[in-house]
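Q:
Numbering (the working numbering), first residue to last: 1052 to 2284.
Here it is, written out as structure tokens:
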């Protein structure tokens, strides 16, 4: 059972009985730290104990049987939680077993035993039993409490109805139980460190100290080194440790105290030379560099060695270049760190910080726990954890495993300085052996793929370091190191980061035996949930039937490690790959079966036990592949060893209007990353002068923002194709070729949602639609912005996203087919780079184009984000958008109550926003969903106003008719801001979207709160350079009108626009008098300009024919209407054009005839036109006495209401007819008697 209070249910019974405790401990650092803490607690209270190290399940059973006599209490540390401990040990009735184990999932029998089995899992403020029970199925779903025993071989004909009913209930129960257990046991993972549980107990008993805290820190750092703990749990543990560190900072390790000196002087801390100090500070992410040389540490740390690729000559050169740029002489770096010049060591952190981004090593500086004792002993927690583990996993054959265990145990005491340095020396040997073995694997091509579902490596039996790698910790480090190193190679990363790796080594202690270790794909390795235990177990069951002498034993230390027969390693890997491959093939069918079973079998479904044990893991594995396909940081797949396939550049350019859009399509264009130059590869034999060919194009736009970030094509450097070898990078790792069509663009300011939509998304969307490239093109962002800004929005319209800063600084990036130039037809505002900011003077056609792109974007986002839209909004809503960080409405609650009073039939809601919407897909979806039925939208001036484009106006118009103001937009401005200074949202609302727009400016200075100039935000950028006199002038001129200004750091504008405002409700009420009046003039102008929607292009009439009747005295001309006439009528109705009250229309046709000579085609007269209204059969009869033969043409010119009545609303045609765009039939109808 799980216990909630470790002191009450674990320690107090031991204290009261004073009985000895048998402590069985696993062979890992967390267990050693935990047993050292519990030993200290026992010794403080004089409790007898016996410590027995355990490595395997067999040793656990044997050790318990040997030591069980005389012990009533047994403590298992990192043992027994995942197995039925009662079934394994068969303890006596009076024995109580306490389990403190971080392995998960817990065995359900251990969880639900009512007595004698107790699981310790609670940590104050960090973890409790409710957190564990949330992951465990309920008792009633796992255990059948009925007295009836159900047997499968019973004759059901002999059972009563009640027995049959119970039997069926049990079958359903068993089916559901198997399902729940399969889901529960599908993955293995680690919970919080056990040493933390006993440290928490020591704190409750008043026995905690810095020495005990340091033990916990070492165990946590060891788990971090081997990726055993999820990142979320690791963050919680780090926070717990730092909090405990601060609490114990003024307490000596030997329970020191504070002595008051006098009344005049404050109390001072009594310290000794052996006092342990712990700090959490920035440190180099290098292994053992304080005890080694800086050069060797850079070579043997996985993060830096994979970043530099030190096992290659070019990698060594790159490492030397890195040290040279830091100004570190090689002789200084290669000697012991403590012997380096002091001036070099003091500025090491600062120098590394400045170069980490250039070499794409962002995690080169990390936070770490540093322990110091006296003036000589100073160690990093990462280094000491490695030293302790090296002692535990020493390859010294003269010492037994128990001796190695207690060596590691003693090394955790700072007094055993010799053991600490011995462990550090062994850790260096392990790191050196790992790097050497990885280089052998890479150079000998030992890593191989099976069926494209996993990588595998089999270390030969002749390997000299097999005795080092046979230990769980070192083997796991080698496997992770191997996968990371292999992933860093060009052209292989795409596959290597998406597949798991299985590594098999010979077991030197067991002839013919082997050890297998599996690690998850690099994409999900930090998730720390694996499926290898279930997969290894399932394959082993099959191997027992396929191979004689097959053996398999799970490791109780690490679930990703198992002991197998080495000679059958290849067969084992083949069966493992087949298992994964078969699961992938049937995954879709299985999902369909599940859905059907959920509907048919009373929401329960039949399962196959072995399949369900790894079913969810396979789903997780497929998710790895899906994530890998969409991984934006995968650039290694574009690496090429040479650029010999690059041809000379070709270019096609067209230009509709220099002010709207210019495009150029390039083939074989390259980007020189170091200088950020686009290079044109020219072949002088086949091309004329590039400047002459492109003289009609002045600029191309990487960003469509007016007067900003123009790309001058004429300044594009040219490289002759014959000199291409001198241009490309000699480093093969830094040459890239992007296939397919790539759009090159630069984002203006994507961390602001307004600029993201106005300056990036809409122009890109319009360009993609014009070029028919939606979902077909790769987008290359030639800017410095982080990829997180709006990533999911760009991803909706593209095939792949690439970012300039992903590529190394000295790389050459070539594009097979590149498009440069985004349309600016969707831009309606200029930000004042040359002239004061203002709206762009646009024609109605341009406004219509912008409206179409906005509507398309809204519909696409609604579909992609699965926004739920009702058929009709019966409950209109008022939405108040509140800013979180600045420009806040200080009395927002009163403002909400004001709207509720003024609009009692409306629902009122307020939404607080910040920049999280740019990078969080779920938050944006939630916001858009809340805007579906909005009728009144208001907020302070700011980027949040752009959210009004997501209001679907068609849902807020009753009966398919526009009322006077279907949607009202209210924009609030702080004190001292004229609303005419920024009209971007006014233009959007009135001229583009057709909303009714209203603005309100705070007129009272007392109702404003000026920004805090000490806070580093957008304000400080414009005011930080001002001296005190200029700053005072800015504040004094707050009451004066603001003059026109240019972008972007005008101090007067910044000081005013970031004010917080108290909205005076009495003055604000005057705005509602304006809202309740007639429709604004700007709204009428919009509806009049919207007449362009009432044009429709019709095809020609069909089946035009003629016939002479009544003794050839009359001619009957007949035709069928255009095929898209019905579509046109529906379009006119949907767009509110020429809406007839009777919903009945009359089509007006125009017939043109031309008389010709009988039997010839020569003209004899002018054309004769006749205009008639239509008839039900689309026919007309003409007298034929005036001519013999003629040509005939027919077209539709307009339509009108039958009753002549129409709705008299602004924006509708003032006459009864609506214009069609239709032409005569191209081939005339020749009629002749």
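Just so you know, even glycine gets a beta-carbon here, dropped at the ideal spot from N, CA and C.
On the CB-based measure, 16 or more other CB atoms within 10 Å of its CB, does residue 1417 come out buried or exposed?
A: The sequence position of residue 1417 within the chain shown is 366, counting from 1. With fewer than 16 Cβ atoms within 10 Å of its Cβ, residue 1417 is classed as exposed.
Q: Roughly how many whole angstroms lie between the Cα atoms of residue 1254 and residue 1097?
A: As a first step, residue 1254 is located in the chain shown; it is residue number 203 there, counting from the start. As a first step, residue 1097 is located in the chain shown; it is residue number 46 there, counting from the start. Approximately 18 angstroms between the Cα atoms of the pair.
Q: Closer than 6 angstroms by C-beta to residue 1769: which residues in its own chain qualify, once you throw out the five before and the five after it? Chain order, please.
A: Residue mapping note: residue 1769 aligns to position 718 of the chain shown, counting from 1. Excluding positions up to five away in sequence, the list reads 1731, 1733.
Q: Check whether the Cβ atoms of residue 1338 and residue 1433 lie closer than 8 angstroms to each other.
A: Counted from its first residue, the chain shown places residue 1338 at position 287. Counted from its first residue, the chain shown places residue 1433 at position 382. Cβ atoms of residue 1338 and residue 1433: closer than 8 angstroms.
Q: At which residues does the alpha helix (DSSP H) containing residue 1009 begin and terminate?
A: Residue 1009 is absent from the model: the chain starts at 1052 and stops at 2284.
Q: Return the first residue and the last residue of the alpha helix (DSSP H) that residue 1517 is part of.
A: To locate residue 1517, count along the chain shown from 1; it is residue 466. It spans 1517-1520 - the alpha helix (DSSP H) in which residue 1517 sits, taken as one unbroken run.
Q: Give, in chain order, every unbroken run of the alpha helix (DSSP H) that is at least 4 residues long and sits entirely within the segment 1085-1134.
A: Listed in chain order, they are 1108-1118.
Q: Please identify the residue among 1141, 1629, 1716, 1464 whose C-alpha is closest to the C-alpha of residue 1870.
A: If you number the chain shown from 1, residue 1870 lands on position 819. If we check each option's Cα against that of residue 1870, 1716 comes out closest.
Q: Give the single residue among 1395, 1940, 1086, 2000 whose Cα lies nearest to the Cα of residue 1046.
A: No answer is possible for residue 1046: the residues shown for the chain start at 1052 and end at 2284.
Q: Please classify residue 1881: does DSSP put it in a helix, a strand, or coil?
A: Residue mapping note: residue 1881 aligns to position 830 of the chain shown, counting from 1. Strand, per DSSP.
Q: To the nearest angstrom, how far is the alpha carbon of residue 1897 from that of residue 1876?
A: As a first step, residue 1897 must be located in the chain shown, where it is residue number 846. As a first step, residue 1876 must be located in the chain shown, where it is residue number 825. Spanning the two alpha carbons is a distance of roughly 7 angstroms.
Q: If you drop the 5 nearest sequence neighbours on each side, which residues of the same chain put their C-beta closer than 6 angstroms to that of residue 1584?
A: Translated into positions along the chain shown, residue 1584 becomes position 533. Only 1239, 1610 meet the Cβ criterion.
Q: Looking at the structure shown, is residue 1858 part of a helix, part of a strand, or coil, going by DSSP?
A: Position 807 of the chain shown, counting from 1, holds the residue named residue 1858. Looking at residue 1858 - three-state DSSP - the assignment turns out to be coil, as it is neither helix nor strand.
Q: Taking the DSSP output, what are the residues bridged to residue 1930?
A: Here residue 1930 refers to the residue found at position 879 of the chain shown. Answer is 1960, 1988.
Q: Let's test the definition: count the other Cβ atoms within 10 Å of the Cβ of residue 1223 and tell me whether it reaches 16, buried, or not, exposed.
A: The residue you call residue 1223 lines up with position 172 of the chain shown. It is exposed - the Cβ of residue 1223 has fewer than 16 other Cβ atoms within 10 Å.
Q: Go through the segment 1538-1610 residue by residue and report every complete run of the beta strand (DSSP E) that reaches 3 residues or more, in order.
A: Within the segment 1538-1610, the beta strand (DSSP E) runs of at least 3 residues that lie entirely inside it are, in chain order, 1552-1557, 1564-1570, 1603-1605.
Q: Measure the C-alpha to C-alpha separation of residue 1487 and residue 1252 and round it to an integer number of angstroms.
A: Within the chain shown, numbered from 1, the residue matching residue 1487 stands at position 436. Within the chain shown, numbered from 1, the residue matching residue 1252 stands at position 201. Rounded to whole angstroms, residue 1487 to residue 1252 spans 43 angstroms at the Cα level.
Q: Can you give me the C-alpha to C-alpha distance between residue 1523 and residue 1968, rounded to a whole angstrom?
A: What you label residue 1523 is simply residue 472 of the chain shown in a count that begins at 1. What you label residue 1968 is simply residue 917 of the chain shown in a count that begins at 1. Taking the straight line from one Cα to the other gives about 44 angstroms.
Q: CB-CB under 8 angstroms to residue 1852, same chain, minus the five flanking residues each way: which ones, in chain order?
A: As a working note, residue 1852 is residue 801 in the chain shown. The residues are 1683, 1829, 1830, 1832, 1838, 1842, 1845, 1846.
Q: Please state whether DSSP places residue 1994 in a helix, a strand or coil.
A: Locating residue 1994 in the chain shown gives position 943, counting from the first residue. Helix.
Q: Would residue 1340 pass as a contact of residue 1291 if the rule is Cβ separation under 8 angstroms?
A: Here residue 1340 refers to the residue found at position 289 when the chain shown is read from its first residue. Here residue 1291 refers to the residue found at position 240 when the chain shown is read from its first residue. No Cβ-Cβ contact shorter than 8 angstroms links residue 1340 with residue 1291.
Q: Which two residues bound the contiguous alpha helix (DSSP H) that contains residue 1147?
A: Position 96 of the chain shown, counting from 1, holds the residue named residue 1147. Here residue 1147 belongs to no alpha helix (DSSP H); instead the beta strand (DSSP E) covers 1147-1151.
Q: Near residue 1757, which residues of its chain fall below 6 angstroms by C-beta distance, leaving aside the five closest residues on each side in sequence?
A: Counted from its first residue, the chain shown places residue 1757 at position 706. Counting only residues of its own chain and dropping the five nearest sequence neighbours on each side, residue 1757 has a CB closer than 6 angstroms to the CB of 1881.
Q: What does a CB cutoff of less than 7 angstroms around residue 1077 pick up in its chain, not counting 5 residues either side in sequence?
A: The residue you call residue 1077 lines up with position 26 of the chain shown. Closer than 7 angstroms at Cβ, skipping near neighbours: 1105, 1128, 1129, 1130, 1607, 1608.
Q: For residue 1158, count neighbouring C-beta atoms within 10 Å of its own C-beta (all shown protein chains included) and say buried if the count is 16 or more, exposed if not.
A: Residue 1158 sits at position 107 when you count from the first residue of the chain shown. Per the 10 Å Cβ criterion, buried.
Q: Suppose the cutoff is 7 angstroms on Cβ atoms and the five residues either side in sequence are ignored; what does the same chain contact list for residue 1613 look like?
A: Numbered from its first residue, the chain shown carries residue 1613 at position 562. Excluding sequence neighbours, residue 1613 sits near 1567, 1587, 1603, 1604, 1605, 1606.
Q: Using a threshold of 8 angstroms, state whether the C-beta atoms of residue 1569 and residue 1551 are closer than that.
A: Residue numbering aside, residue 1569 sits at position 518 when the chain shown is read from its first letter. Residue numbering aside, residue 1551 sits at position 500 when the chain shown is read from its first letter. Yes, these two residues count as a Cβ contact at 8 angstroms.
Q: Excluding the 5 residues preceding and the 5 following residue 1305 in the sequence, name in chain order all residues of the same chain whose CB lies nearer than 7 angstroms to its CB.
A: In the chain shown, residue 1305 corresponds to position 254, counting from 1. Its pLDDT being 45, under 50, residue 1305 is placed unreliably in this model, and the coordinates cannot settle the point.
Q: Between residue 1350 and residue 1497, what straight-line distance do the alpha-carbon atoms span, to the nearest angstrom?
A: Within the chain shown, residue 1350 is the residue found at index 299, counting from 1. Within the chain shown, residue 1497 is the residue found at index 446, counting from 1. Between residue 1350 and residue 1497, the C-alpha separation is close to 22 angstroms.
Q: Among the candidates 1599, 1857, 1250, 1935, whose CA atom is the shortest distance from the CA of residue 1724?
A: As a first step, residue 1724 is located in the chain shown; it is residue number 673 there, counting from the start. It is 1857 whose Cα lies nearest to the Cα of residue 1724.
Q: Going by the CB atoms, is the gap between residue 2150 and residue 2174 shorter than 8 angstroms?
A: Within the chain shown, numbered from 1, the residue matching residue 2174 stands at position 1123. Within the chain shown, numbered from 1, the residue matching residue 2150 stands at position 1099. Yes, Cβ-Cβ distance for residue 2174 and residue 2150 is below 8 angstroms.
Q: If we require 4 or more residues per run, which alpha helix (DSSP H) segments fall completely within the segment 1431-1484?
A: 1432-1443, 1452-1462
Q: Mapping the DSSP letters down to three states, classify residue 1495 as helix, strand or coil.
A: Locating residue 1495 in the chain shown gives position 444, counting from the first residue. Secondary structure of residue 1495 (DSSP, three-state): coil.
Q: Between the alpha carbons of residue 1928 and residue 2060, how many angstroms are there, rounded?
A: If you number the chain shown from 1, residue 1928 lands on position 877. If you number the chain shown from 1, residue 2060 lands on position 1009. So the alpha carbons of these two residues sit roughly 30 angstroms apart.
Q: Report yes if the C-beta distance between residue 1820 and residue 1916 is below 8 angstroms; otherwise report no.
A: Walking along the chain shown from the start, residue 1820 turns up at place 769. Walking along the chain shown from the start, residue 1916 turns up at place 865. Not a contact, by the Cβ cut-off of 8 angstroms.
Q: What would DSSP say about residue 1277, mapped onto helix, strand or coil?
A: As a working note, residue 1277 is residue 226 in the chain shown. Looking at residue 1277 - three-state DSSP - the assignment turns out to be coil, as it is neither helix nor strand.
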